[in-house]
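Chains as they are written, first to last, in my numbering: chain W, 1 to 254; chain G, 255 to 765.
Below is one structure; the comments refer to it alone.
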Amino acid sequence: MIEHAHLPDPVALLPGLARGLGATTRTPRWHPGIATGCRHAELFAPARDASGAGLALAFARDALAREQAAETPDRRPFLWVQDKAALRLSGRPYLPGLPAELRHRLIHVAAVTPEDALFALEEGLRCRDLAFVIGELAGNPRALDFTASRRLSLAAEKHGVPLWLVRLDARRDLGAARMRWEVGAAPSPQSRWNPHAPGTSTWRADLFRTHTFHPGQWNLRDDGAVLTAEPAPSATPDHGDLVHGSGDRSLAAG
Amino acid sequence: MAIWCTDLAIDRWRLAEGLACREGPDATPLALIEDTAHGPRIAAVNAAARAAGAMPAMRLADARTLCPVLAVRPADPAGDLAFLESLALWAQRWGPWSALDPPDGLLVDVTGVAHLFGGERALIADVLALLEKRGLAARAALAPTAGAAWALAHYAPQAAILPPEADPRAHLADLPVAALRLDADVVLLLRRLGLKRLGDLDGLARENLARRFRNTRSAAANPLLRLDQLFGLRPEPLLPVVGVPAPLVQRRLMEPIRHRPLLDQVVADLAQDMARLLEGQAQGARRLELGMWKVDGEVLIRSLEMAAATRDPAHVCRLFATRLDDLDAGFGIELVRLRASWTEPLLLAQADLDAAAESHGTSLAACIDRLTVRLGAQAVRRPVPHASHLPERAQRWQPPLADLPSSQEELRFHHRPLKILDKPESVSVIYETPDGLPRRFRWRGEVHEIARAEGPERIAPEWWRERSTVRLRDYYRIEDALGRRYWLYRHGVIGDGRGGAPEWFIQGLFA
Chain W
1 MIEHAHLPDP
11 VALLPGLARG
21 LGATTRTPRW
31 HPGIATGCRH
41 AELFAPARDA
51 SGAGLALAFA
61 RDALAREQAA
71 ETPDRRPFLW
81 VQDKAALRLS
91 GRPYLPGLPA
101 ELRHRLIHVA
111 AVTPEDALFA
121 LEEGLRCRDL
131 AFVIGELAGN
141 PRALDFTASR
151 RLSLAAEKHG
161 VPLWLVRLDA
171 RRDLGAARMR
181 WEVGAAPSPQ
191 SRWNPHAPGT
201 STWRADLFRT
211 HTFHPGQWNL
221 RDDGAVLTAE
231 PAPSATPDHG
241 DLVHGSGDRS
251 LAAG
Chain G
255 MAIWCTDLAI
265 DRWRLAEGLA
275 CREGPDATPL
285 ALIEDTAHGP
295 RIAAVNAAAR
305 AAGAMPAMRL
315 ADARTLCPVL
325 AVRPADPAGD
335 LAFLESLALW
345 AQRWGPWSAL
355 DPPDGLLVDV
365 TGVAHLFGGE
375 RALIADVLAL
385 LEKRGLAARA
395 ALAPTAGAAW
405 ALAHYAPQAA
415 ILPPEADPRA
425 HLADLPVAAL
435 RLDADVVLLL
445 RRLGLKRLGD
455 LDGLARENLA
465 RRFRNTRSAA
475 ANPLLRLDQL
485 FGLRPEPLLP
495 VVGVPAPLVQ
505 RRLMEPIRHR
515 PLLDQVVADL
525 AQDMARLLEG
535 QAQGARRLEL
545 GMWKVDGEVL
555 IRSLEMAAAT
565 RDPAHVCRLF
575 ATRLDDLDAG
585 FGIELVRLRA
595 SWTEPLLLAQ
605 ADLDAAAESH
615 GTSLAACIDR
625 LTVRLGAQAV
635 RRPVPHASHL
645 PERAQRWQPP
655 LADLPSSQEE
665 LRFHHRPLKI
675 LDKPESVSVI
685 YETPDGLPRR
695 FRWRGEVHEI
705 ARAEGPERIA
715 PEWWRERSTV
725 RLRDYYRIED
735 ALGRRYWLYR
745 HGVIGDGRGG
755 APEWFIQGLF
765 A
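Structure representation (structure tokens):
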């Protein structure tokens, strides 16, 4: 017996989706702390540093802080899936370096092949007891085609478990993620106590493909509790209502 | 007690036709025939045909020679057996259990129940009267053993009773050897040997009989075994008939219902009840009969047959919904009854884990199990802190749902990288002074210009578990010109006497 589970209406799923005339002006701009309604985001990051994983964790914490009630601390674990190539290129999570509130909630999955990693991601998305799922896949494996991406997207939206998929050294291939970021490291601000020391983690984030927001570039910084953004210094000037370049257009802005 | 229905097939045929004895076709010679390899053969004959010379087991052609007006009908041995089974169940009114004696007999255990009917004679009379009321010609006999009762029913006067205190050898001596329930060829052999009565057999030495029939183990071919069973010297197990009542649920309605939605609700309730009942018996229904009693006494019956045993209430309701469309409720339905007239064993099935997981999500334990089964226990783990200064020893891995070990709070003033390489990778570093801050390093074929650096943080080897030649490490947090942050260490210092020039390694990646 096939039971048709309730799938949310794709339009109702995205409260910020603007259509029709003037959609460009009505389409909101992303900023940290905004409710995105996005359950599946892809972060394209280089494998030489941990900027992808770091920003994914920061996004996840940001989304969790928005969702959870203050009086009931969230103790749900989260899943971190890596395939073998990602593990070799960028290392494995290190407990003392994780954010303090996530430190003891990590469940790590070291998959050998990308297929196994995708399986683990999907199983994690189907689990109601997980706070979120982070995936790290290196390159453009054949298994991660559009269908697999769409599967992950549907599972995430059906069960409400967010997926932050970090793509290390990957081309921007087809994907079903609702937000796609290009992530890199950015020079950190001066440390308060030692001007010669690296400061808090800073990332250069480029939201290049999204359903409900204008694309844009930011420098994001994780100031302990909240994620702060400042416009990227090298961002292209805002052209107002002019048509964006074809590759940089919000899908909703038509 | 043995009951022998002398003309079971004919009686059954007559009852099916709705005829009284010697009326209509039964008044003329008639035979029930069965087809054999050698042409039709007579299975049973009625009284008129028997008078005309036809006998059971005779070929139809021979019987027609004797009696040209012989009418024939097909015999139904399977139906006869089914009828005999229901008769055996019915016969349990006289005793706690009964057994079949095919093709046309019954054995009822009436040990200690005769007084309920007013004695053994009254019991036999009751049996004969009730069987006659049902239109069956029968003979009955009472004896301490099943074999003796059978012999008396077949070869003694009607309603014979062998009292327990009587000597069975004397009492049964006049019966023919066929009363021993032997095969026909054995009876023929005994007759050729000149043994016609049970008394003749009893006169022989036991060893002689045993020697004569030493090769036959079957009771039906060994007169000695049969004799022992007759006299109760050897047990004779019988297979009792056990009635299985069909699962039945019903609802009496306070008000007669006349509308379809109410009836659907009642059917759904009945299907739920039936599912619970069948589940308790580990049965599934193949055929369901829904009977609806109307106020004016009429009964509407809808039956349903399923391809496979099921007890799913939703499935049953959906199937019945289409069968109830043409129902005429009249003045209302006051009793609805659902009966599973054909059931098959259906074991309890596990609830559909996949479907439940599909709609509600899996639990964490189920998720871990699925991951572990496919990926192995070594692939799904969680890090736990370990008391060690060395960064790679400071975390250990354990199964994800195991309890966390007790540990000390980590020191907060140490900056530790988000990710750590499984094995520190060697880098070539350019520095101003050998013990000073690094300026530039090359890792994986790319040169990183170091913009900022902090350090060193000196981590000495754990002397209590390592050899004395292990070098210390000086850790540096560095950030390159593009903002990439790494954790480097210099392995040893110049002049520590534990090797040559110190090497540099990269161990961690900051977020």
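Heads up, the beta-carbon is just placed ideally off N, CA and C, and yes, glycines get one too.
Practice item. Work out the CA separation of residue 36(W) and residue 760(G) for me, nearest whole Å. Key: 37 Å
Check your understanding: Within 7 Å (strictly less), CB to CB, does residue 128(W) reach chain G?
Key -> yes
Exercise for review: Specify, as a first and last residue, the run of the alpha helix (DSSP H) that residue 146(W) falls within.
Suggested key: 146-159
Exercise for review: Determine contact between the region 199-218 of chain W and the region 41-56 of chain W, defined as no fewer than three beta-carbon pairs at a distance below 8 Å.
Suggested key: yes
Exercise for review: Would you mind telling me which residues of chain W sit closer than 9 Å to residue 733(G), beta carbon to beta carbon, in chain order?
Suggested key: 185, 187, 188, 197, 198, 199
Exercise for review: Label residue 617(G) either buried or exposed according to how many other C-beta atoms from any shown protein chain fall within 10 Å of its C-beta, with 16 as the threshold for buried.
Suggested key: exposed
Review point. Under 8 Å Cβ-Cβ, which residues of chain G neighbour residue 107(W)?
Key: 622, 634, 635, 636, 654
Exercise for review: Any chance you could list the alpha helix (DSSP H) runs of at least 4 consecutive residues sitting entirely within the region 606-676 of chain G, in chain order?
Suggested key: 607-614, 618-629
Review point. In this structure, does DSSP put residue 140(W) in helix, strand or coil?
Key: coil
Point to revise | Contact set for residue 89(W): own chain, Cβ-Cβ below 7 Å, skip 5 residues either direction | key: 47, 138, 168
Practice item. Could you give the DSSP three-state label for residue 711(G): helix, strand or coil? Key: strand
Practice item. Closer than 7 Å, Cβ to Cβ, to anything on chain G: give me those residues from the region 153-164 of chain W, in chain order. Key: 159
Check your understanding: By DSSP, does residue 518(G) sit in helix, in strand, or in coil?
Key -> helix
Check your understanding: Is the Cβ of residue 11(W) closer than 7 Å to any Cβ of chain G?
Key -> Residue placement at residue 11(W) is poorly supported in this model, since its pLDDT is 48, which falls under 50; the coordinates are not used for a value here.
**Study point:** Residue range of the unbroken alpha helix (DSSP H) whose run includes residue 319(G)
**Key:** 314-320
Practice item. Report the residues of the region 108-126 of chain W with a CB closer than 8 Å to any CB of chain G, ordered along the chain. Key: 108, 109, 110, 111, 112, 116, 119, 120, 123, 124, 126
Practice item. Please list, in chain order, all residues of the same chain as residue 512(G) whose beta carbon is under 6 Å from its beta carbon, the five residues on each side excluded. Key: 583, 586
Exercise for review: Name, please, each residue of chain W whose Cβ falls closer than 8 Å to the Cβ of residue 250(G).
Suggested key: What the structure shows of chain G is the stretch from 255 to 765, and residue 250(G) is not part of that stretch, so it cannot be assessed.
Review point. Applying a beta-carbon distance threshold of less than 7 Å, which residues of chain G neighbour residue 104(W)?
Key: 658
Review point. Who are the neighbours of residue 77(W) on chain G, taking C-beta pairs under 9 Å?
Key: 618, 636, 654
Check your understanding: Buried or exposed: which applies to residue 190(W), given that a residue is buried once 16 or more other Cβ atoms fall within 10 Å of its Cβ?
Key -> exposed
Point to revise | Min CB distance residue 573(G) to chain W below 7 Å | key: no
Exercise for review: Starting from the beta carbon of residue 202(W), find every residue of chain G whose beta carbon is closer than 8 Å, and list them in chain order.
Suggested key: 737
Review point. Since residue 166(W) and residue 124(W) are thought to touch, with beta carbons under 8 Å apart, how far apart are those beta carbons, to the nearest angstrom?
Key: About 14 Å; that fails the 8 Å criterion.
Exercise for review: Compute the distance between the beta-carbons of residue 493(G) and residue 402(G), then report whether it is under 7 Å.
Suggested key: no
Check your understanding: Does the beta carbon of residue 699(G) sit closer than 7 Å to a beta carbon anywhere in chain W?
Key -> no
**Study point:** residue 688(G), DSSP secondary structure in three states
**Key:** coil
**Study point:** Any non-hydrogen atom of the ligand MG within 6 Å of residue 383(G) CB
**Key:** With respect to the ligand MG, the structure shown offers nothing to examine, as it has no ligands at all.
Point to revise | Cutoff 7 Å: residue 693(G) Cβ touching any chain C Cβ | key: In the structure shown, chain C does not exist; the protein chains are W and G.
Check your understanding: Counting only beta-carbon atoms, is residue 83(W) nearer than 7 Å to chain G?
Key -> no
Check your understanding: Which residues in the same chain as residue 476(G) place their Cβ atom closer than 6 Å to its Cβ, once the five residues preceding and following it in sequence are excluded?
Key -> 467, 470
**Study point:** Cβ neighbours of residue 510(G) in the same chain (closer than 7 Å, five flanking residues each side left out)
**Key:** 549, 585, 586, 587, 588
Point to revise | Contact set for residue 126(W): own chain, Cβ-Cβ below 7 Å, skip 5 residues either direction | key: 155, 159
**Study point:** Reference residue 559(G), options 543(G), 740(G), 567(G), 571(G), closest by Cα
**Key:** 543(G)
Review point. Using the beta-carbon of each residue, which ones in chain W are nearer than 8 Å to residue 705(G)?
Key: 187
Review point. Is the Cβ-Cβ distance between residue 300(G) and residue 280(G) less than 7 Å?
Key: yes
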